[in-house]
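One structure is given here, and the rest of the page talks about it.
Laid out in structure tokens, this is it:
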């Protein structure tokens, strides 16, 4: 976040208030993950290229695993599939009763 005032000479503190379980929280998490990835890519160290590549791959796989947390990873049972299909069909109209015929 960028906060400034013309002529501001003192430090400015920015507080981000984010509700849990919202889209804003996911956006903030993704932004933090991108910053971490950027930092990892630009980091210079004494590690060899192979070590950096291995560490980056491990980190990337951990990030992918974390991003799919909560996503169903198992197949649906027949019963679950039928229940889902039953909900997606429009309710059947009751059979029209035969009108009494005049005698």
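In full-length UniProt numbering, the protein residues as written are 1 to 103.
Think of the CB as a built atom: it goes at the ideal place given N, C-alpha and C, for glycine as much as any other residue.
Separation of residue 34 and residue 86 (C-alpha to C-alpha, rounded to the nearest whole angstrom) is 42 Å. Under the DSSP assignment, residue 39 falls in the alpha helix (DSSP H) whose first and last residues are 23-42. Contact check for residue 18 against residue 25 passes: the beta carbons are separated by less than 7 Å.
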